[in-house]
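Sequence positions in the sequence shown follow full-length UniProt numbering and run 1 to 966.
We put the beta carbon where it would ideally sit given N, CA and C, even for glycine.
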Amino acid sequence: MPADDDPESEVFEITDFTTASEWERFVSRVEEVLTDWKLTESSVERWSSEKGDYVNGTWEEECEDINFADYKFSITHFFLKEEFETEDVKDKSEEDTLPSAMQDLLCMHNDFPPRAHCLVRWYGLREFVVIVPGTNCEAIISESKCNLLLSSISISLANSGCQVPMFVQIQQKWRRIYAGECQGPGVRTDFEIVQLRKVPSQYNHLSGLLDIFKSKIGCNLLPLPPVDVAIRFTYILQDWQQHTWPQQPPDFDTLLGGEVGGVEFGNLPFGACEEPISELHLAATWPHLTEGTVVDNDVYSDLDPLQAPHWSVRVRAAENPQCLLGDFVTEFFKLCCRKESVEEVLGRGFAEEEGQENNDISSALSKLTEPAATVPLTKLSVSSMVHSARKHIHRRRHIDESPLNIEILNSVLLYLFPDAAVEKSSDSKSKTAQSSFPKTPESEKTPEDNLFLQLKSAPTDSLTYRLALCLCMVNYSYSGLPAVAHLWQEFVLELRYRWENNYLIYGLAGGPPDLRCCLLHQKFQMLNCCIERKRARDEAHREGCKDKGKGAVSGSTREVSQGKLRDSASDSEEEFFECLSDQEEMEASQSEGGKEGGKGKAEGRLHPYNNMTLLNSAEPLYVPVTQEPAPMTEDQLEEQSEILAKLGTSAEGTHLRARMQSACLVSDMESFKAANPGCVLEDFVRWYSPRDYVEKEEVDEKGNKVVTGELSARMKIPGNMWVEAWDIARVTPARRQRRLFDDTKEAEKVFHYLAMQKPGDLARHLLPCLLHAAIQKLKQEDSKGNTTSVEKDIQQATSQANKLLHSVNYDYKKLEDFIKQLVEMETVITRARSLRAKFAVNEDDHGDATDELEKFVSSLLEEPEVVVIGAGQGLIGRIIHRLFSSAQRAALLSPLDEDLEPDRKSSGESRKVPDFPPPAGREVLLRTCVPRPAPYSKALPQRLFCVLMKDEFRLAGAFSSDTSFF
Numbered sequence: 001m002p003a004d005d006d007p008e009s010e011v012f013e014i015t016d017f018t019t020a021s022e023w024e025r026f027v028s029r030v031e032e033v034l035t036d037w038k039l040t041e042s043s044v045e046r047w048s049s050e051k052g053d054y055v056n057g058t059w060e061e062e063c064e065d066i067n068f069a070d071y072k073f074s075i076t077h078f079f080l081k082e083e084f085e086t087e088d089v090k091d092k093s094e095e096d097t098l099p100s101a102m103q104d105l106l107c108m109h110n111d112f113p114p115r116a117h118c119l120v121r122w123y124g125l126r127e128f129v130v131i132v133p134g135t136n137c138e139a140i141i142s143e144s145k146c147n148l149l150l151s152s153i154s155i156s157l158a159n160s161g162c163q164v165p166m167f168v169q170i171q172q173k174w175r176r177i178y179a180g181e182c183q184g185p186g187v188r189t190d191f192e193i194v195q196l197r198k199v200p201s202q203y204n205h206l207s208g209l210l211d212i213f214k215s216k217i218g219c220n221l222l223p224l225p226p227v228d229v230a231i232r233f234t235y236i237l238q239d240w241q242q243h244t245w246p247q248q249p250p251d252f253d254t255l256l257g258g259e260v261g262g263v264e265f266g267n268l269p270f271g272a273c274e275e276p277i278s279e280l281h282l283a284a285t286w287p288h289l290t291e292g293t294v295v296d297n298d299v300y301s302d303l304d305p306l307q308a309p310h311w312s313v314r315v316r317a318a319e320n321p322q323c324l325l326g327d328f329v330t331e332f333f334k335l336c337c338r339k340e341s342v343e344e345v346l347g348r349g350f351a352e353e354e355g356q357e358n359n360d361i362s363s364a365l366s367k368l369t370e371p372a373a374t375v376p377l378t379k380l381s382v383s384s385m386v387h388s389a390r391k392h393i394h395r396r397r398h399i400d401e402s403p404l405n406i407e408i409l410n411s412v413l414l415y416l417f418p419d420a421a422v423e424k425s426s427d428s429k430s431k432t433a434q435s436s437f438p439k440t441p442e443s444e445k446t447p448e449d450n451l452f453l454q455l456k457s458a459p460t461d462s463l464t465y466r467l468a469l470c471l472c473m474v475n476y477s478y479s480g481l482p483a484v485a486h487l488w489q490e491f492v493l494e495l496r497y498r499w500e501n502n503y504l505i506y507g508l509a510g511g512p513p514d515l516r517c518c519l520l521h522q523k524f525q526m527l528n529c530c531i532e533r534k535r536a537r538d539e540a541h542r543e544g545c546k547d548k549g550k551g552a553v554s555g556s557t558r559e560v561s562q563g564k565l566r567d568s569a570s571d572s573e574e575e576f577f578e579c580l581s582d583q584e585e586m587e588a589s590q591s592e593g594g595k596e597g598g599k600g601k602a603e604g605r606l607h608p609y610n611n612m613t614l615l616n617s618a619e620p621l622y623v624p625v626t627q628e629p630a631p632m633t634e635d636q637l638e639e640q641s642e643i644l645a646k647l648g649t650s651a652e653g654t655h656l657r658a659r660m661q662s663a664c665l666v667s668d669m670e671s672f673k674a675a676n677p678g679c680v681l682e683d684f685v686r687w688y689s690p691r692d693y694v695e696k697e698e699v700d701e702k703g704n705k706v707v708t709g710e711l712s713a714r715m716k717i718p719g720n721m722w723v724e725a726w727d728i729a730r731v732t733p734a735r736r737q738r739r740l741f742d743d744t745k746e747a748e749k750v751f752h753y754l755a756m757q758k759p760g761d762l763a764r765h766l767l768p769c770l771l772h773a774a775i776q777k778l779k780q781e782d783s784k785g786n787t788t789s790v791e792k793d794i795q796q797a798t799s800q801a802n803k804l805l806h807s808v809n810y811d812y813k814k815l816e817d818f819i820k821q822l823v824e825m826e827t828v829i830t831r832a833r834s835l836r837a838k839f840a841v842n843e844d845d846h847g848d849a850t851d852e853l854e855k856f857v858s859s860l861l862e863e864p865e866v867v868v869i870g871a872g873q874g875l876i877g878r879i880i881h882r883l884f885s886s887a888q889r890a891a892l893l894s895p896l897d898e899d900l901e902p903d904r905k906s907s908g909e910s911r912k913v914p915d916f917p918p919p920a921g922r923e924v925l926l927r928t929c930v931p932r933p934a935p936y937s938k939a940l941p942q943r944l945f946c947v948l949m950k951d952e953f954r955l956a957g958a959f960s961s962d963t964s965f966f
């Protein structure tokens with residue numbers, strides 16, 4: 001038997017045809033996605049489309065990733081959310097009802113929707129699915145691959161029963177070419193696109209496009225049904241030469257001469273340096289035409305934009321126009337990241353020269369404690385002092401070596417210290433009033449006044465606020481960082497001069513530092529407090545020399561009642577007491593006998609307290625003259641808190657902490673003892689902390705009610721600090737006590753702090769003030785236009801800045817984003833101002849015409865496209881016509897009609913120049929309903945959208961066929 005006949009020697013190769021291929025997996029995956037999105041559930045209900053739904057409605061989308069072998073695709077479902085009433089069509093059978101997408105092809109309510117997906121604009125669809133190549137994937141260019149994808153979606157639609165149209169993006173992505181299909185019961189629509197670079201001459205008009213459309217539908221039915229036509233021509237205006245420049249030209253006679261938009265010190269500039277509106281697009285639309293009612297061929301056209309029944313306008317804004325306020329704030333913000341010191345910026349020689357000036361006050365502690373009687377304050381004005389200081393500074397310095405020349409520097413300093421240019425009267429009180437910063441009553445404050453509290457900056461027009469504006473301007477308009485360092489050195493020197501000569505710093509509210517403001521403002525207030533105390537002490541010294549030993553010099557008082565501090569309203573009591581030396585203090589204490597309960601001479605009394613008497617005698621209880629507590633800035637409070645926390649919880653640490661915190665208490669006890677000889681601790685508690693003295697009624701042996709009292713439970717705790725403080729307190733009036741607040745020491749601390757500030761540190765301190773000024777500038781400029789969106793944005797920005805600026809460490813990334821928001825708001829306001837100028841909106845006029853123009857301008861900024869009421873014949877239409885006409889004449893150097901001579905007007909010479917340029921884009925929409933592919937087929941919607949531009953020719957067609965018999 002041959003070997004071939006052996007059954008065991010035969011080998012069978014088995015092919016498993018049930019294994020799914022990559023193509024089948026892809027089709028199955030598409031069907032799964034359609035099922036998950038519930039697009040396979042056919043419905044005979046549809047909601048009616050109204051005019052404007054595509055623009056005003058909410059478009060949503062959902063996306064999934066799918067793979068064809070190792071090639072990635074993204075499938076996305078776009079749909080308009082159903083927010084309108086539905087139309088019930090259940091009376092028709094499902095077979096007779098066309099899919100919603102096919103019905104949308106003939107809908108005329110939402111032709112040419114602005115800012116919509118290109119498929120929505122071309123086909124009028126409200127729901128569709130798109131498959132596009134994934135990111136970093138090559139485009140589908142091969143014809144075989146394109147056909148494979150189209151067959152895949154066709155099978156997926158047929159298997160799933162989905163009636164939502166599906167598209168596949170093919171060719172290069174920039175061409176925006178989509179091929180797709182929509183299937184229904186016995187019907188199918190094919191979506192096709194043609195895109196060319198140039199418009200063929202035979203199709204450059206309506207007649208040629210109609211020929212294409214009729215040949216494509218291939219209907220043998222005669223006569224053909226009329227074709228519905230919708231036409232839209234877009235004209236672009238780019239020339240604004242007939243309008244004024246957005247910024248005033250430079251004034252070379254001012255300090256900021258040569259700077260575009262330059263303003264005086266104290267005012268931030270505002271506005272764009274270039275035209276913020278780059279283009280105005282006018283769309284002239286003929287919405288509902290029938291074939292044959294309008295002529296448009298290669299010889300003649302009836303499509304005159306002035307005769308179009310519908311006009312709409314949109315504007316195109318310039319991208320990132322240069323805005324002055326944003327530039328100023330951004331450049332100042334960059335300073336925050338600089339690390340150079342003043343010495344590194346200005347050079348060691350420059351800094352040493354300043355140091356030589358400061359060496360004259362090396363003995364500041366001895367010099368500043370001397371009375372200022374050697375300088376006759378009533379005979380010198382601040383202006384002469386400042387002038388002499390300026391001359392003393394600059395006598396050895398060449399102007400060319402300084403970042404700021406002397407003229408600009410003096411102008412800035414006079415803006416910061418305007419009292420230097422005002423002659424003072426001989427009355428020191430009036431001088432004090434003129435130098436201090438006026439306070440606004442809380443009841444009269446407006447929300448704008450309290451903006452600095454939200455931003456932790458400084459009050460408007462205060463010294464700190466002015467300093468921020470000046471540093472911002474010299475940083476932007478002059479030599480940047482060196483100018484900032486130079487101005488800061490001169491500023492500190494001016495403060496030093498005022499401290500030495502007992503002149504209050506202008507632009508600061510009286511009283512202790514306001515912890516709600518920025519730290520730098522608190523330091524200035526602290527220095528002002530030192531000057532006030534020093535002036536009062538010098539005056540008290542002079543009065544004491546005249547009338548030594550005649551009692552306490554009237555001064556500042558602090559009255560404590562019901563556990564709260566309240567200041568005396570007496571004008572004569574707003575100065576501090578003279579504090580004698582320790583030796584005089586001890587001698588006075590020994591002469592009076594510092595023993596508790598001693599019957600020495602009463603000193604430092606203000607007035608009796610609530611008709612009370614001392615517990616151990618019938619003497620009235622007097623309110624003593626006390627020292628003011630030492631004012632502190634927030635960094636000092638933090639430092640003190642850290643020191644107290646480091647003492648720990650041990651008994652020794654707790655005791656030391658209590659001693660440190662009781663300095664003011666001991667001072668008040670000493671003053672109380674001096675004012676009330678023979679008093680006891682209970683007397684002091686009754687005045688200082690009434691809640692710690694408990695009174696009760698008792699009945700004595702005779703049956704009479706007697707009121708007795710005792711210290712509270714916390715006052716009786718062993719080791720109570722009040723008892724210990726009372727024991728160590730001496731009988732010493734306030735005027736002879738050691739000062740709680742050493743103004744000389746604190747002033748030198750402030751000057752050391754200021755001298756150590758780098759320009760970057762200074763910028764960080766003043767950034768809240770500058771942002772405060774920027775927000776106020778935006779509010780001021782927006783109040784002229786009443787832009788609703790900007791007003792809301794400013795409120796949100798203020799709330800955001802409140803969180804950013806109150807943090808201990810600034811988040812520079814978030815601050816940078818915040819500044820960008822301010823720039824965007826400035827841009828919006830500038831755009832609104834530009835449009836109002838172009839449409840001649842008069843803010844002072846409130847007539848009907850102005851209201852109409854104002855509403856139109858506001859809509860242009862907030863809406864994608866605005867309808868022009870009355871088209872070319874209305875008020876706004878005539879203005880737009882004039883804008884285009886002026887631009888055309890300017891472009892072709894043609895005179896205006898009013899400039900022509902009468903005989904030339906009558907000859908019609910002025911009409912040689914067209915009022916409108918050639919349309920930048922033409923869109924033609926053709927629709928009809930014809931049977932395809934045979935005359936006996938069902939009549940189905942056909943649509944062709946044509947785009948004719950200078951560098952593009954696009955045809956987007958949707959052609960439906962009856963598949964019942966084919």
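query: Opening and closing residue of the beta strand (DSSP E) in which residue 319 lies; result: No beta strand (DSSP E) contains residue 319, which DSSP labels as neither H nor E.
query: Close beta carbons around residue 710, own chain, < 7 angstroms, minus the five adjacent residues each side; result: 694
query: Residue 950 classed as buried or exposed, judged by whether at least 16 other C-beta atoms fall within 10 angstroms; result: exposed
query: With 16 other Cβ atoms within 10 Å as the buried cut-off, status of residue 691; result: exposed
query: Proximity of residue 54 and residue 80 at Cβ, strictly below 8 angstroms; result: yes
query: Burial state of residue 567 (16 or more Cβ within 10 Å); result: Only weak support exists for where residue 567 lies, its pLDDT of 36 falling under 50; the value from the coordinates is given anyway. That one is exposed.
query: CA nearest to the CA of residue 119, picked from 323, 169 and 608; result: 169
query: Extent of the continuous alpha helix (DSSP H) run through residue 160; result: 143 to 160
query: Euclidean distance between Cα positions of residue 160 and residue 286; result: 41 angstroms
query: CB of residue 679 within 8 angstroms of CB of residue 672, strictly; result: yes
query: Rounded distance between the beta-carbons of residue 861 and residue 831, thought under 8 angstroms; result: 6 angstroms
query: As assigned by DSSP and simplified to three states, the class of residue 56; result: helix
query: Cβ separation of residue 68 and residue 127, assumed to be a contact under 8 angstroms, to the nearest whole Å; result: At roughly 24 angstroms, the Cβ-Cβ gap does not stay under 8 angstroms, so residue 68 and residue 127 are not in contact.
query: Residue(s) in a DSSP beta bridge with residue 167; result: 130 and 180
query: Contact check, residue 468 vs residue 766, beta carbons under 8 angstroms; result: yes
query: Top-ranked residue by Cα proximity to residue 291, from 226, 65 and 321; result: 226
query: Three-state secondary structure assigned by DSSP to residue 480; result: coil
query: Environment of residue 102 [buried if 16+ CB atoms lie within 10 Å]; result: buried
query: Nearest-angstrom Cβ-Cβ length linking residue 175 and residue 202, presumed shorter than 8 angstroms; result: About 23 angstroms separates the two Cβ atoms, so there is no contact after all.
query: Cβ shell of residue 741 (< 6 angstroms), same chain only, five flanking positions each side left out; result: 630
query: Beta-carbon proximity of residue 303 to residue 231, cut-off 8 angstroms; result: yes
query: Alpha helix (DSSP H) runs contained entirely in the UniProt domain "Rab3GAP catalytic subunit conserved" (601 to 754), provided each spans 4 or more residues; result: 634 to 646, 651 to 661, 663 to 675, 681 to 688 and 721 to 728
query: Secondary structure of residue 73, DSSP reduced to three states; result: strand
query: Residue span of the beta strand (DSSP E) that contains residue 277, given as start and end; result: 277 to 290
query: Cβ-Cβ separation, residue 167 to residue 958 (assumed contact under 8 angstroms), whole Å; result: About 11 angstroms separates the two Cβ atoms, so there is no contact after all.
query: Cβ shell of residue 849 (< 8 angstroms), same chain only, five flanking positions each side left out; result: 875
query: Where the beta strand (DSSP E) through residue 307 begins and ends; result: Neither: residue 307 is in no beta strand (DSSP E) and is coded neither H nor E.
query: Touch test, the segment 211 to 220 against the segment 263 to 270, Cβ-Cβ under 8 angstroms, three pairs minimum; result: no
query: Same chain only: Cβ atoms within 7 angstroms of residue 814, ignoring 5 sequence neighbours per side; result: 804
query: 7 angstroms CB neighbourhood of residue 535 in its chain, flanking five on each side removed; result: 502
query: Sufficient close CB pairs (3 or more, under 8 angstroms) joining the segment 878 to 891 to the segment 327 to 339; result: no
query: Chain C within 8 angstroms of residue 78, Cβ atoms only; result: The question asks about chain C, but that chain is absent: this structure has only one protein chain.
query: Length of the line joining the Cα atoms of residue 705 and residue 720; result: 32 angstroms
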